[in-house]
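Peer 1:
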Amino acid sequence: MSIRISSVTVDQIWAALQAVKDPEIPVVSVVEMGIVREVDVTDEGAVVVKMTPTFSGCPALHVIQREIKTAVSDLGVGDVTVDTILAPAWTTDWISDAGREKLKAFGLAPPPQHGGNLTITFFDVATCPYCDSTNTTIKNTFGPTLCRAIYYCHDCREPFEQFKSL
Amino acid sequence: MTEPDPHLKEAPAEATAKAIAQTLLAWADDELILAHRNSEWTGHAPILEEDIAFSNIAQDELGHANIWYGLYQDLTGAEPDKLVFFRDVDAYRCVQLVELPKGDWAFSMVRQYLFDAVEQVRLNALLASEYQPLADAAAKMRPEEMYHYRHTTTWLQRLGLGTAESNRRCQEALDQLWPYALQLFARQPWEEQLIVAGFLPDTASLQADWETIVRAFLATVDLQVPNVNRPPGQSREQHSRYLPELLADLQEVARLDPDARW
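Protein chains in written order, with this note's numbering: chain A, 1077 to 1242; chain B, 3 to 264.
1. Could you name the residues of chain A that B/D138 contacts, counting a contact when the two beta carbons are closer than 7 Å?
2. In the DSSP assignment, find the beta strand (DSSP E) that holds A/K1126 and state where it starts and stops.
3. Can you tell me which of A/S1241, A/R1176 and A/P1135 puts its alpha carbon nearest to the alpha carbon of A/S1105?
4. Could you work out which residues of chain B lie near A/T1217, taking near to mean beta carbons separated by less than 8 Å?
5. What residues are listed by DSSP as bridge partners for A/V1115?
6. Could you work out which residue in A/K1215, A/C1207 and A/G1192 is closest to A/D1200 when comparing CA atoms only?
7. Taking 8 Å as the threshold (C-beta atoms), are A/I1101 and A/S1184 in contact?
8. In chain B, which residues lie with their C-beta within 8 Å of the C-beta of A/L1254?
9. If you reduce the DSSP assignment to three classes, tell me which class A/C1229 lands in.
10. Go to A/D1087, then tell me how far its alpha helix (DSSP H) extends in each direction, as first and last residue.
11. In chain A, which residues lie with their C-beta within 7 Å of the C-beta of B/K142?
12. If you measure beta-carbon to beta-carbon, which residues of the stretch 1190-1212 of chain A are closer than 7 Å to chain B?
13. At a CB-CB cut-off below 8 Å, which residues of chain A make contact with B/N265?
14. Residues in the same chain with beta-carbon distance under 6 Å from B/R113, minus the five sequence neighbours each way, listed in chain order, please.
15. If distances are taken between C-alpha atoms only, which option among A/V1086, A/Q1238 and A/I1196 comes closest to A/K1021?
16. How is the beta strand (DSSP E) around A/Q1238 delimited, first residue to last?
17. In this structure, how does DSSP classify B/I59 when only helix, strand and coil are distinguished?
18. Is B/D90 helix, strand or coil when you go by DSSP?
19. Report all residues from its chain with a CB closer than 6 Å to the CB of B/Q24; omit the five preceding and five following residues, and keep chain order.
20. If we cut at 8 Å on Cβ distances, does A/L1222 have a partner in chain B?
21. Between B/P228 and B/N169, what straight-line distance do the alpha-carbon atoms span, to the nearest angstrom?
22. B/P8 by DSSP, collapsed to three states: which one?
23. Could you check whether the Cβ of A/A1163 sits closer than 7 Å to any heavy atom belonging to the ligand ADP?
24. Among the residues of its own chain, which have a CB less than 8 Å from the CB of A/C1229, if the five just before and after it don't count?
25. Check whether chain A comes within 8 Å of B/G65, counting only Cβ atoms and requiring the distance to be less than that.
26. Going by alpha carbons, who is nearest to B/D211 out of B/E101, B/L184, B/V223 and B/A199?
27. Spatial neighbours of A/G1133 within its chain, please: C-beta separation below 8 Å, excluding the five flanking residues on both sides.
28. Ends of the alpha helix (DSSP H) at A/T1217?
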């Protein structure tokens, strides 16, 4: 088998990865989520993508890894490696502005920015993604997936979920 | 194939690597078995919200087990799935605290609280580990553990300060679990050199930090720490009679067809 020499650029790979979504939040890409940390193309045309897990126990991790590999392979790259790295630890602060907008449109309140000083209290205010009210109450700090908490909005009287700060 | 970790300043000497691996396996087994015990509440917790919350906590602990097994794999080459599903009881290194049956709700909450508090002090201390992969893993897990700690402290407030019945059940659980929790601070023979090298925090000072936090908190929720200062066993090679049954359950499907592919 001959090794295919790829002429793919780093920018093309980043663009292709925009199509890879987190299976649990299928509107936001792995790039917008801040999961993809680094993309390298070696002199031989091999591609190395470094990704980092969101929550440690996230069951979507292997699916995401596989889909990143497929997306890069589909650009005609024969040699693709997807490495998982732990450091620096992923934080919700890395979710891009575009990603936050999409989360909100999906009905998930975006996580507040904490600038590395994460504190967890019972008085955290979440903004309702439906009516923008902050007259909300936390119902459960744990939700249907590891990354979600459940809130209730007293203005539009809808329960909603927030992406938990990490 | 695992590439050398770029964060590792210097690869540890072989004997050191072997010692670190033993500790990693012990921690991974603790998290795995506790996750399994907690998952036994899925579908059976007292209320739906709590069913969701405690199942999440179980899943987090499984994720943390996976991180420790992953670091173990980096040092030894052993595959996590093989370790979990095809190791026999004798080769497990968990403490007996996590093996005990889930008991009633108070029992599971007190156990999780004691364990969460250990993780608080241990992960904090590990941030300064001279073995960079340990410091990185601690930084990853710590924010997730903050959610656990808040959850279990809240439950202990509710139960400890709730009714006479809820307090009684918590106190009984604490009396039974306290000595088992102390085993988490039993210094294993291979750990001496790791503590000296700054790879691991000193177990005695960890225990002191843990007791300071836990004793202060338990006093605020009307629970008395029993007057015991020794664990029932020190060695992680001794297991309770409950582990074989747990493993039979955990490993049953994988062992039916060891070559099955997902």
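Where is the CB? At the ideal position from N, CA and C, for every residue including glycine.
Peer 2: Let's see:
1. L1162 and A1163
2. V1123 to M1127
3. A/R1176
4. A55, Y149, R152 and H153
5. A/V1125
6. A/K1215
7. Note that residue 1184 of chain A is Leu in the sequence shown, not Ser. Yes, Cβ-Cβ distance for A/L1184 and A/I1101 is below 8 Å.
8. Any question about residue 1254 of chain A goes unanswered here, given that chain A covers just 1077 to 1242.
9. strand
10. V1086 to L1093
11. S1132, L1162 and A1165
12. L1194 and I1196
13. One cannot answer for residue 265 of chain B here, as it falls past the ends of chain B, which runs 3 to 264.
14. L179
15. Residue numbering for chain A in the displayed model covers 1077 to 1242; residue 1021 of chain A lies beyond these limits and cannot be assessed.
16. P1235 to F1239
17. helix
18. coil
19. W192
20. yes
21. 15 Å
22. Residue placement at B/P8 cannot be trusted, given a pLDDT of 49 that sits under 50; the coordinates are not used to answer.
23. The model on display carries no ligand, and the ligand ADP is accordingly not part of it.
24. C1204, Y1206, C1207, S1209, N1211, T1212, P1235 and F1236
25. yes
26. B/L184
27. L1222
28. No alpha helix (DSSP H) holds A/T1217; DSSP gives it neither H nor E.
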